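Presented below is the structure to which this report refers.
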Amino acid sequence: MSLDQETLLDAYRRMRTIREFEERIDTEFKAGEIPGFVHLYAGQEAVATGVCIHLRTEDYIGSTHRGHGHCIAKGCDVKGMMLEIFGRKGGLCGGKGGSMHIADLKQGMLGANAIVGGSPPLAIGAALSAKTRGTDNVAISFSGDGASNQGTTFESMNMAVVLKLPCVFVFENNGYGEMTGVDYAVGSKDIAGRAAGFGLPSVKIDGADFFAVEAAAAEAIERARSGGGPSAIEAVVTRFYGHFIGDPQNYRAPDEVERLRAERDCLKNFRERVTSDGSLSNAQMEEIDGQVGTLIEESVNEAKAAEFPDETELLTDVYVSY
Amino acid sequence: MPTKTIRQALNEAIRLEMRRDPTVIVIGEDVAGGAGGTGKRDASGGALGVTKGLFSEFGEARVIDTPITESAIMGAAAGAATTGLRPIAELMFCDFMGVCFDQIFNQAAKFRYMFGGKAQTPLVIRTMFGAGLRAAAQHSQSLYNIFTAIPGLKCVIPSNAYDAKGLLIQAIRDDDPVMFFEHKAIYDQEADVPDEAYTIPFGEANITREGGDVTIVAFARMLHLADGVADELGKDGVSVEVIDPRTTSPLDEETILESVEKTGRLVIVDEGGPRCGMAADIAAMVAQKAFGALKGPIMQVTAPHTPVPFSPVLEDLYIPGPEQIVAAVQRVMQPEVAGAK
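Chains as they are written, first to last, in the working numbering: chain P, 1 to 322; chain Z, 323 to 663.
Okay, structure coming up:
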């Protein structure tokens with residue numbers, strides 16, 4: 001099924017927003033403006049977007065420590081995200097969560113997650129909830145190649161099959177779990193194949209190709225929505241930055257990132273595809289580029305100008321304070 | 323004597339023990355700098371930087387990069403420990419104990435007793451704890467109290483480079499599972515550290531300041547705050563004794579009790595929380611065993627009963643600071659002052 005022009009423009013806007021957001025976060029972090037640990041999603045935009053373009057607001061996603069892209073793709077407010085990452089009042093979690101814990105439950109975004117393998121069990125819980133309440137909503141578990149090895153992930157895949165839950169496990173294989181290579185850490189070297197072993201219909205796709213992602217996601221999400229149970233998608237992607245901002249990445253060959261940026265850029269691939277088949281024009285995308293640039297600039301300026309949380313916030317949102 | 327950071331002292335302790343004993347191995351995520359990449363091996367020495375260079379000296383059979391699978395790491399280390407190895411397992415952040423707790427507290431901790439004394443589990447689990455790096459709720463906790471509560475585990479919290487080396491060597495040579503907690507904000511603190519191997523026995527507190535008016539017990543980063551407060555209050559004529567227990571299990575009750583018998587006043591400073599934590603534990607012990615010596619209430623200076631917040635302004639409020647320690651000391655010095663808290 002080919003996507004209409006409106007959907008394609010929407011997809012481009014989401015991917016462009018993620019890229020611009022992450023590159024600006026990198027700059028601001030290095031300038032000392034952002035505290036804490038930050039993990040960038042740049043290079044993987046087609047996965048979050050290709051999946052979330054087929055989701056409704058009422059559908060759920062569980063994310064990872066590298067979660068900014070999932071948030072944006074699922075419709076989280078970009079300015080609220082920026083405020084959160086800067087630790088300011090008005091952030092999506094009131095400044096209490098930060099980059100690794102951005103959540104927006106109204107948008108079905110169940111949280112970035114700083115525990116590797118923390119999200120898959122939560123995602124099947126959301127799927128269980130959706131099914132038990134009689135909705136046709138679905139839940140997506142986004143996780144990386146690293147989390148694909150966790151026991152929590154194996155347990156979740158099995159339970160999803162046992163309970164026939166409306167869930168899709170999306171494994172973003174970006175080549176590294178933190179600093180360790182995927183071919184070392186995944187013994188079978190085949191994340192999709194392993195998911196198939198649990199009884200999930202599974203595919204392995206090129207995650208730098210938005211169209212491959214959205215096609216696989218459309219099928220898996222439709223299966224989940226219509227009562228056909230869970231599926232898995234392994235999307236092979238690349239990480240344009242280190243595990244975290246500041247990671248010297250000596251474990252990667254010196255030219256690796258530069259080469260991947262040249263050869264495996266999902267935004268470049270998208271642009272080439274839609275202009276060559278005439279479905280979108282450069283002018284349409286340049287207009288979006290300008291709008292996204294303005295949005296990110298405003299977001300950063302507003303975040304920098306925003307107040308920090310009130311001191312009283314330390315003792316709110318807990319049952320008791322001693 | 324050469325000056326070394328805590329990070330260097332820990333590295334040296336592991337290196338010396340690996341040279342001395344071929345059964346000592348290191349296992350954990352990225353401890354060899356990340357296997358299977360396209361670049362250099364041994365590039366980083368794990369997220370903590372402590373194990374850098376060990377892979378180059380001892381090779382992949384003894385410095386083992388693992389997948390990100392904490393239960394398997396801890397279980398493998400426990401299983402290997404009961405069958406002839408002395409593993410040093412690294413768990414990047416103590417918060418990740420949530421993933422692998424069973425293998426530590428139901429398995430490793432129990433073997434010796436549960437098997438009627440027939441099993442030894444010479445296992446060291448090194449992990450990073452503490453707030454201050456804006457690392458938020460799942461990377462900033464101080465969870466040693468949980469492990470202190472479990473019979474069968476020993477629990478170590480070094481505050482300086484000299485102790486870090488001696489305590490880690492002791493831990494590696496110990497035949498029981500040892501939880502070794504390293505505060506993430508003090509890895510670069512320096513102290514004089516001998517080049518050779520030495521051990522510091524568990525259960526022996528270190529008195530870092532001698533004084534007669536009030537006793538402060540503190541751990542790791544909080545110990546340095548307490549020392550600073552002691553120095554400042556000394557100028558005002560308040561003589562503060564500061565005790566670093568160094569291990570919470572076993573706990574050197576004797577040194578704490580002797581100090582309180584002398585000063586009659588006790589403040590405990592702990593980055594953990596106020597409930598069921600080290601401060602409450604030590605306060606209860608002193609109240610029971612040295613009640614007659616007390617001239618005022620025992621004061622606990624702890625983090626609040628909340629998760630660790632991300633925003634710097636909130637995290638700074640969360641972490642106990644010198645002002646709170648001073649206020650607590652003033653309170654025990656003048657217990658009759660009403661309304662002080």
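The beta-carbon is built from N, C-alpha and C at its ideal position, and this holds for glycine as well. Please read all numbers here as calculations on a predicted model, not as lab measurements.
Contacts with chain P at 9 Å (Cβ-Cβ) do not include Phe541(Z).
Remark: C-beta atoms of Tyr322(P) and His627(Z) approach each other more closely than 9 Å. With respect to the C-alpha of Gly488(Z), the residue from Tyr640(Z), Ile641(Z), Arg337(Z) and Asp364(Z) having the closest C-alpha is Arg337(Z).
Taking the Cα of Ala283(P) as reference, the smallest distance to any Cα among Leu9(P), Asp4(P), Val213(P) and Met100(P) is reached at Leu9(P).
When secondary structure is reduced to three states using DSSP, Cys167(P) falls in the strand class. Only residues of its own chain outside the window of five on either side were considered, and among them Gln425 have a CB closer than 6 Å to the CB of Gly397(Z), listed in chain order. Scanning chain P for C-beta atoms nearer than 8 Å to the C-beta of Arg456(Z) yields Pro35, Gly36, Phe37, Gly87 and Gly98, reported in chain order. For Phe211(P), the enclosing alpha helix (DSSP H) covers residues Phe210 to Arg225. Listed along chain P, the residues sitting closer than 7 Å to Leu639(Z) by beta-carbon distance are Glu311 and Leu314. Unbroken alpha helix (DSSP H) runs of no fewer than 4 residues, entirely contained in the segment 585 to 639 of chain Z, are found at 600 to 611, following chain order.
Taking 4 residues as the shortest admissible run, the segment 34 to 102 of chain P contains the following complete alpha helix (DSSP H) segments, listed from N- to C-terminal end: 45 to 52, 68 to 73 and 78 to 85. Excluding residues up to 5 positions away in sequence, Thr49 and Ile53 lie with their Cβ nearer than 6 Å to the Cβ of Ala11(P) in the same chain. The secondary-structure analysis by DSSP pairs Thr180(P) across a beta bridge with Gly177(P).
Counting only runs of 4+ residues, the alpha helix (DSSP H) found wholly inside the segment 387 to 463 of chain Z occupies 392 to 403, 419 to 424 and 433 to 436, in chain order. Around the Cβ of Thr325(Z), a 10 Å sphere holds fewer than 16 other Cβ atoms; the residue is exposed. Ala519(Z) is not a Cβ neighbour of Ala357(Z), given a cutoff of 9 Å.
One finds nothing in chain P with a Cβ atom closer than 8 Å to the Cβ of Asp510(Z); even the nearest lies about 15 Å away. Beta-bridge partners assigned by DSSP to Thr153(P): none are found. Three or more Cβ pairs drawn from the segment 561 to 576 of chain Z and the segment 511 to 527 of chain Z lie within less than 8 Å of each other, which places the two stretches in contact. Uninterrupted alpha helix (DSSP H) stretches at least 4 residues long and entirely within the segment 546 to 592 of chain Z occur at 575 to 585, given in chain order. Within chain P, the residues Ile115, Val116, Gly117, Gly118, Gln150, Gly151 and Thr152 have their CB atoms less than 9 Å from the CB of Val421(Z), given in chain order. Against chain P, the beta carbon of Thr360(Z) has neighbours under 7 Å at Arg252, Ala253 and Glu256, listed in chain order. DSSP places Glu234(P) inside the beta strand (DSSP E), whose first and last residues are Ser231 to Val236. In this chain, Ala283(P) is not harboured by any beta strand (DSSP E); it is covered by the alpha helix (DSSP H) spanning Asn282 to Ala305.
For Gly146(P), the nearest beta carbon of chain Z is closer than 9 Å to its own beta carbon.
The C-alpha of Pro248(P) is placed about 13 Å away from the C-alpha of Asp364(Z). Apart from sequence neighbours up to five positions away, the residues of its chain that approach Leu547(Z) with a beta-carbon distance below 8 Å are Ala540, Val591, Pro642, Gly643, Pro644 and Ile647, ordered along the chain. Between the alpha carbons of Pro254(P) and Phe240(P) lies a gap of roughly 13 Å. For Glu532(Z), the secondary structure class from DSSP, reduced to helix, strand or coil, is coil. A direct Cα-to-Cα measurement between Ala471(Z) and Ser462(Z) gives close to 20 Å.
Restricting attention to Asp603(Z), Ser366(Z), Thr391(Z) and Tyr640(Z), the CA atom closest to the CA of Tyr466(Z) is found in Asp603(Z). For the segment 174 to 185 of chain P, the beta-carbon criterion of a distance under 9 Å to any beta-carbon of chain Z is satisfied by Gly175, Tyr176, Gly177, Glu178, Met179, Thr180, Gly181, Val182, Asp183, Tyr184 and Ala185. Neighbours of Tyr322(P) across chain Z, judged by C-beta separation under 9 Å: Gly595, Pro596, Arg597, Thr624, Pro626 and His627. For Thr132(P), the enclosing alpha helix (DSSP H) starts and ends at Ser119 to Thr132.
DSSP places Thr325(Z) in the uninterrupted beta strand (DSSP E) bounded by Thr325 to Thr327. At a Cβ-Cβ threshold of 9 Å, Ala483(Z) and Gln511(Z) count as neighbours.
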